[in-house]
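Report on the structure given below.
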Amino acid sequence: MSKYYNNKFIKCGSSYLSLISQGKYDKNLVNKYDPNYYHPYFNGNGIDIALLDNDFKFDYIEFSNTIERTAKCVANINNGQANSNINKNNCGSSSFPHGGILADTAGGLVYGVVKGANIYAVNINKIDDNKHTDLDVLVRMQYFYKKLIRDIVVANAGNSSKYLSKGSNVTLPCEIDNVICDLNNNMYTVGEISNYGPSVDVYTPVVTHVGVYFEPKNFKIIFFDGTSYSSLIVSGIIVVHISENSNIKYTPTVIRNFFKRKWDNVYHGCSIYNKSKKSDSRCGKIFDYKIGEEVVVILRSCYQRSFLNNSNCYNRRTS
C-alpha cells in the first residue's frame with residue numbers, strides 16, 4: 001500500500017453512487033448497506049458523452065486522466081454564433097458552474113458514474129437575468145444535432161412539479177420522441193420539485209455529490225439536487241451498460257427496456273457486505289493509484305462479467 005498524506009477520508013460512492021453498485025437496498029438480501037461504489041471494469045472507454053449547458057472546467061483533478069480519455073469544451077454559443085476556437089479546458093463565465101456539475105456527475109474521476117468516457121461540452125452563454133436567449137438555444141440545438149448527436153439522447157424532466165403526459169403543452173426536450181427522460185426521487189417517492197408522469201422514463205436519486213470549481217480558486221465538494229444532475233446519472237449508467245455489451249445495437253427502446261427490468265432478488269453488490277466470505281471472487285484485490293501530489297485513489301478491481309458486479313472502487317484521501 002502507498003503511504004497516505006493524512007487521514008482525511010471520503011467514501012467513494014457517497015450518496016447515489018453506491019446505489020448503482022448494488023441496486024435497491026433490501027435487508028432481506030444483505031445484512032449491511034455497502035456505502036462504496038464499485039464502478040465497472042469496462043469504464044466507458046471509447047464512448048462519448050456530449051453535454052449542452054453553461055460553464056465547464058476540465059483542467060483539474062476530476063478530469064486528470066486525459067491520457068485515457070478526452071474531456072474538453074468543443075464550442076461556445078453566443079449571439080447566435082457557434083465558435084469552436086475556444087479554450088478547451090474552460091468555457092463559460094458565470095459564477096455558478098452548472099455544466100461543470102453535470103460533467104462531474106457523469107464522468108468525474110472520483111465523483112462520476114463512469115470514469116473513462118469521453119466528454120465533449122458545448123457552452124452557451126447566459127444573459128444578465130441568468131437565462132439563455134432563444135436564438136442561442138436554437139443555434140446550440142442545431143450545432144448539437146449536426147456535430148455531436150449519435151444514438152441516445154437523455155434529458156431531464158424539469159423542476160416544476162408538473163405532470164407530463166404529452167398534452168397540448170409539452171415540456172422540451174423531455175417529451176420529444178426517442179428522448180430518454182428522467183425525474184428524481186427521494187426514498188423511492190417522486191422528488192418534491194420534480195416533474196413526473198407517463199412521459200418520464202427513469203426515476204433517479206435526487207442528490208448528486210460533486211467536486212467543482214465555482215471560481216478559479218474556489219474548489220468545493222458539495223451536494224446538489226435537481227433533475228438536471230439526475231439526468232447525468234442516467235447517462236453514466238447507459239454508458240456503463242453500452243461499454244459492457246458492445247455486441248448490442250442500442251436504441252432508445254433498448255435502453256428503456258433495460259431500465260424497466262425487474263429486480264431478481266439477488267444482491268448485486270460486493271459480497272463482503274453479504275453473509276458470504278470476504279474472499280468471494282467478486283471482490284478483487286485492492287491496489288493504489290496516485291494522481292499528482294494531492295490524491296491517492298484506492299481501486300478495488302472485480303472482473304466478473306456482469307453489469308453492476310464488475311468493479312473498481314475509488315476511495316479518496318486528500319492533503
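Just so it is clear: in the sequence shown, position 267 is 267 by full-length UniProt numbering, and no numbers are missing. Ideal placement from N, C-alpha and C gives every residue a C-beta, glycine not left out.
Problem - Residue nearest to A50 in terms of C-alpha spacing, selected from N87, S235 and K220 - result: S235
Problem - Where the beta strand (DSSP E) containing D53 begins and where it ends - result: D48 to D53
Handout entry: Distance between beta carbons of G92 and N54, contact taken as under 8 Å
Key = 5 Å
Exercise for the section: Using only alpha-carbon positions, find the residue among L109, Y213, N45 and D201 that is nearest to S231. Expected result: D201
Practice task
Quickly, what does DSSP pair K57 with across the bridge? List them, please.
Solution key: N90
Handout entry: Beta-bridge pairing of V254 - partner residues as DSSP gives them
Key = Answer by DSSP bridge pairing: none, since V254 is not bridged.
Handout entry: Supposed contact pair H209 and F223 - C-beta distance, whole angstroms, cut 8 Å
Key = 5 Å
Problem - Cβ neighbours of S276 in the same chain (closer than 8 Å, five flanking residues each side left out) - result: Residue confidence is low: S276 scores 43 on pLDDT, short of 50, so the model does not pin down where it sits. No coordinate-derived value is stated.
Problem - Beta-carbon spacing of T66, F58 below 9 Å - result: yes
Handout entry: Closest by C-alpha distance to Y60, when choosing among F259, F214, S228 and Y250
Key = F214
Handout entry: Burial state of P97, where buried means 16 or more other Cβ atoms lie within 10 Å
Key = buried
Practice task
Name, in chain order, the residues that DSSP records as bridge partners for G211.
Solution key: I221
Exercise for the section: Reducing DSSP to helix, strand and coil, say where I238 ends up. Expected result: helix
Exercise for the section: Taking all protein chains shown into account, decide if L164 is buried (16 or more other Cβ within 10 angstroms of its Cβ) or exposed. Expected result: buried
Handout entry: Helix, strand or coil at T105 [DSSP, three-state]
Key = helix
Problem - Own chain residues within Cβ distance below 8 Å of D104, not counting five before or after - result: E62, Y111, G112, V210, G211 and V212
Practice task
Give a yes or no on whether the C-beta atoms belonging to L109 and S64 are separated by under 9 Å.
Solution key: yes
Exercise for the section: Go through its chain and collect everything with a Cβ distance to G116's Cβ below 7 Å, but skip five positions before and after it. Expected result: N43, G44, N45, E68 and R69
Handout entry: Cβ neighbour criterion (16 or more within 10 Å) applied to S246
Key = exposed
Practice task
Output the distance between the C-alpha atoms of A71 and I86, rounded to the nearest integer angstrom.
Solution key: 14 Å
Problem - K88 versus I255 - alpha carbon distance - result: 31 Å
Handout entry: Length of the line joining the Cα atoms of I77 and G100
Key = 16 Å
Exercise for the section: Report yes if the CB atom of P205 is closer than 9 Å to the CB atom of I233, and no otherwise. Expected result: yes
Exercise for the section: May I ask which residues mark the beginning and end of the beta strand (DSSP E) holding V122? Expected result: N118 to I124
Problem - Backbone CA spacing between G107 and Y120 [nearest angstrom] - result: 11 Å
Problem - Assigned exposure category for I20 - 16 Cβ within 10 Å defines buried - result: buried
Problem - Proximity of I124 and I238 at Cβ, strictly below 9 Å - result: no
Handout entry: Buried or exposed (CB count within 10 angstroms, at least 16 for buried), N218
Key = exposed
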